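Here the structure comes first, spelled out in structure tokens, and everything after it is commentary.
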Amino acid sequence: MSREGRDLLQLRGLSRVEVEKLLEAAAAHKRARKAGQIRPVLAHKVVANVFFEDSTRTRSSFEIAARLLGADVLNWTAKGSSVAKGETLLDTVRNIDMMGPAAMVMRHSSSGAAALVSRHVRAAVVNAGDGTHEHPSQGLLDAFTLREKLGPDLSGKQVLIVGDIVHSRVARSNVHCLRLLGAEVVLCGPPTLLPKSLEALGAQVTWELDRALPSADAVMMLRIQLERQGQGLFPSPRDYARMYGLNATRAAKMKPGAVVLHPGPMNRGLEIASEVADGERSVIFDQVENGVAVRMAVLERACA
Ligand code: CP
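1179 is the number that the working numbering gives the last residue of the sequence shown; the numbers go up by one with no jumps.
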């Protein structure tokens, strides 16, 4: 397979067939794991996790996915590396590449970093989050979870994504993936976090959460990036929670059967109340479980 067919840099531009193939492969991996019948298709291959930014879910689940498929795993993080001595991004990844990984799973704070690296290494590159651009395996695991909970055909289902859309790579990957699968996507947040220009992604845009909630089949709450609060993007965390937080009173306005997602990490009490995060509508920990199966499918494709 060409390297274009093995890299996973973004969901934008993938075909519906390619996305459905990955989701079906993930479903097969989930069934095989439950049955204790995983085949070690990545035996004798090395997967390098190359994380310039922190992560709990993505890095751990790529590691577990790789090991379940029989691969050896290198877990490299910028902390404790020669980046502290001034080594550049490209020198870092070229050095790791020379050690022979079949795939490099990479997270970086700059949008476009994974695409840049893919032009300089032999390993297939899997983008595990680049700046505010995309987080493709997150978009896939969210779609996988939605198909599991709402039914395999997402056509006409309405997914409401709420919060700091402007900085969210998760939101971008979700818009591309969900639109491809026929879902209707509504983006919601305060105007400072949701410029109308984002309608260009093919989603509807609203600033009114209480009006948007009752028609949604799924509500995805995004993390408020508290580190950006110096920029005055909303008056205070308390005001944000009052206007845009998903608490039990608001969740009661949701449709019967509608589900709540969050990519993590959660700010409990800010964008989501604990009673909702741990409540009966929440599929947040199902997302994490499904992340392993989805990443098995992504790695199998990357190492083909
Ligand atoms: N959802 C997600 O990317 O979580 P981590 O930052 O913990 O990997």
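We put the CB at the ideal spot given by N, CA and C, even for glycine. Small disclaimer: the values here were computed from a predicted structure and weren't measured.
Which residue or residues does DSSP assign as beta-bridge partners of Asp-947? One-based indexing of the sequence shown puts residue 947 at position 72. Looking at the DSSP output, Asp-947 bridges to Val-921.
State yes or no: is the C-beta of Ala-1127 within less than 8 Å of the C-beta of Gln-1033? Numbered from 1 along the sequence shown, position 252 holds the residue referred to as residue 1127. Numbered from 1 along the sequence shown, position 158 holds the residue referred to as residue 1033. The Cβ atoms of Ala-1127 and Gln-1033 do not sit closer than 8 Å to each other.
At least three beta-carbon pairs within less than 8 Å, the segment 975 to 992 to the segment 921 to 928: Yes, they touch.
Which of the three DSSP states is assigned to Met-1171 in this structure? Here residue 1171 refers to the residue found at position 296 when the sequence shown is read from its first residue. The answer is helix: DSSP assigns Met-1171 an H, G or I state.
Cys-1063 (DSSP reduced to helix, strand or coil): Here residue 1063 refers to the residue found at position 188 when the sequence shown is read from its first residue. The answer is strand: DSSP assigns Cys-1063 an E or B state.
Just to confirm before moving on: does the CB-CB distance between Arg-1098 and Glu-1023 stay below 8 Å? The residue given as residue 1098 occupies position 223 in the sequence shown. The residue given as residue 1023 occupies position 148 in the sequence shown. No. Outside cutoff.
With His-904 and Ala-1168 assumed to form a contact (beta carbons below 8 Å), what rounded beta-carbon distance in angstroms separates them? Indexing the sequence shown from 1 puts residue 904 at position 29. Indexing the sequence shown from 1 puts residue 1168 at position 293. Contact holds; Cβ gap of about 4 Å.
To the nearest angstrom, report how far apart Asp-1153 and Ile-1159 are at their CA atoms. As a working mapping, residue 1153 is identified with position 278 in the sequence shown. As a working mapping, residue 1159 is identified with position 284 in the sequence shown. Straight-line Cα distance between these residues: approximately 8 Å.
Helix, strand or coil for Val-1045? Go by DSSP, reduced to three states. On the sequence shown, position 170 is the one that residue 1045 refers to. The answer is helix: DSSP assigns Val-1045 an H, G or I state.
Taking 7 Å as the cut-off, is the CB of Pro-1140 close to at least one heavy atom of the ligand CP? The sequence position of residue 1140 within the sequence shown is 265, counting from 1. In this structure, Pro-1140 has its beta carbon less than 7 Å from a heavy atom of the ligand CP.
So, are the CB atoms of Pro-1065 and Met-1118 less than 8 Å apart? One-based indexing of the sequence shown puts residue 1065 at position 190. One-based indexing of the sequence shown puts residue 1118 at position 243. It is a contact, given that the beta carbons lie within the stated cut-off.
Start and end of the alpha helix (DSSP H) containing Asp-1017? Looking up residue 1017 in the sequence shown gives position 142. Residues 1011 to 1025.
If you check the beta carbons only, do Thr-1020 and Gln-1162 fall under 8 Å apart? Residue 1020 sits at position 145 when you count from the first residue of the sequence shown. Residue 1162 sits at position 287 when you count from the first residue of the sequence shown. Between Thr-1020 and Gln-1162, the C-beta gap is smaller than 8 Å, which places the two residues in contact.
Thinking just about the alpha-carbon of each residue, which of Val-1080, Ala-941, Leu-1076 is nearest to the one in Ala-1172? Residue numbering aside, residue 1172 sits at position 297 when the sequence shown is read from its first letter. Of the listed residues, the one whose Cα sits closest to Ala-1172 is Ala-941.
Simplified DSSP assignment, three categories, for Arg-1156: Against the sequence shown, residue 1156 aligns to sequence position 281. The three-state reading of DSSP puts Arg-1156 in coil, since its state is none of H, G, I, E or B.
If you draw a straight line from the C-alpha of Thr-1067 to the C-alpha of Lys-909, how long is it? Translated into positions along the sequence shown, residue 1067 becomes position 192. Translated into positions along the sequence shown, residue 909 becomes position 34. Their Cα atoms are separated by approximately 44 Å.
Anticipated Cβ contact below 8 Å, Met-1095 with Asn-1049, distance rounded: What you label residue 1095 is simply residue 220 of the sequence shown in a count that begins at 1. What you label residue 1049 is simply residue 174 of the sequence shown in a count that begins at 1. Distance from Met-1095 to Asn-1049 at the Cβ level is roughly 7 Å; contact confirmed, criterion being Cβ atoms closer than 8 Å.
In chain order, which alpha helix (DSSP H) runs of at least 4 residues are fully inside the segment 1102 to 1164? Listed in chain order, they are 1112 to 1119, 1123 to 1126, 1149 to 1152.
Put Leu-1035 into one of helix, strand or coil per three-state DSSP. As a working mapping, residue 1035 is identified with position 160 in the sequence shown. Three-state result, Leu-1035: strand.
Below 8 Å on the Cβ atoms is my contact criterion, and I expect Leu-1069 with Cys-1063 to pass it. Report the Cβ-Cβ distance as a whole number of Å. Against the sequence shown, residue 1069 aligns to sequence position 194. Against the sequence shown, residue 1063 aligns to sequence position 188. Indeed, because the Cβ distance is near 7 Å, the residues count as touching under 8 Å.
Return helix, strand or coil for Val-1001, following the three-state DSSP convention. On the sequence shown, position 126 is the one that residue 1001 refers to. DSSP places Val-1001 in strand when its eight states are reduced to three.
Alpha-carbon to alpha-carbon, Ile-913 and Gly-1107: Sequence index remark: in the sequence shown, residue 1107 carries index 232 (1-based). Sequence index remark: in the sequence shown, residue 913 carries index 38 (1-based). Going by the C-alpha atoms only, they are around 49 Å apart.
Cutoff 7 Å; reference Gly-1026; Cβ partners in own chain excluding five residues on either side: Within the sequence shown, residue 1026 is the residue found at index 151, counting from 1. For Gly-1026, same chain residues with a beta-carbon under 7 Å away, outside a window of 5 residues either side, do not exist.
beta-carbon Gly-961 near the ligand CP non-hydrogen atom, thresh 7 Å: Reading the sequence shown from its first residue, position 86 is the one you call residue 961. It does not: the Cβ of Gly-961 is nowhere closer than 7 Å to a heavy atom of the ligand CP.
Within 10 angstroms of the Cβ of Met-1129, are there 16 or more other Cβ atoms? Answer buried if so, exposed if not. To locate residue 1129, count along the sequence shown from 1; it is residue 254. So Met-1129 counts as buried.
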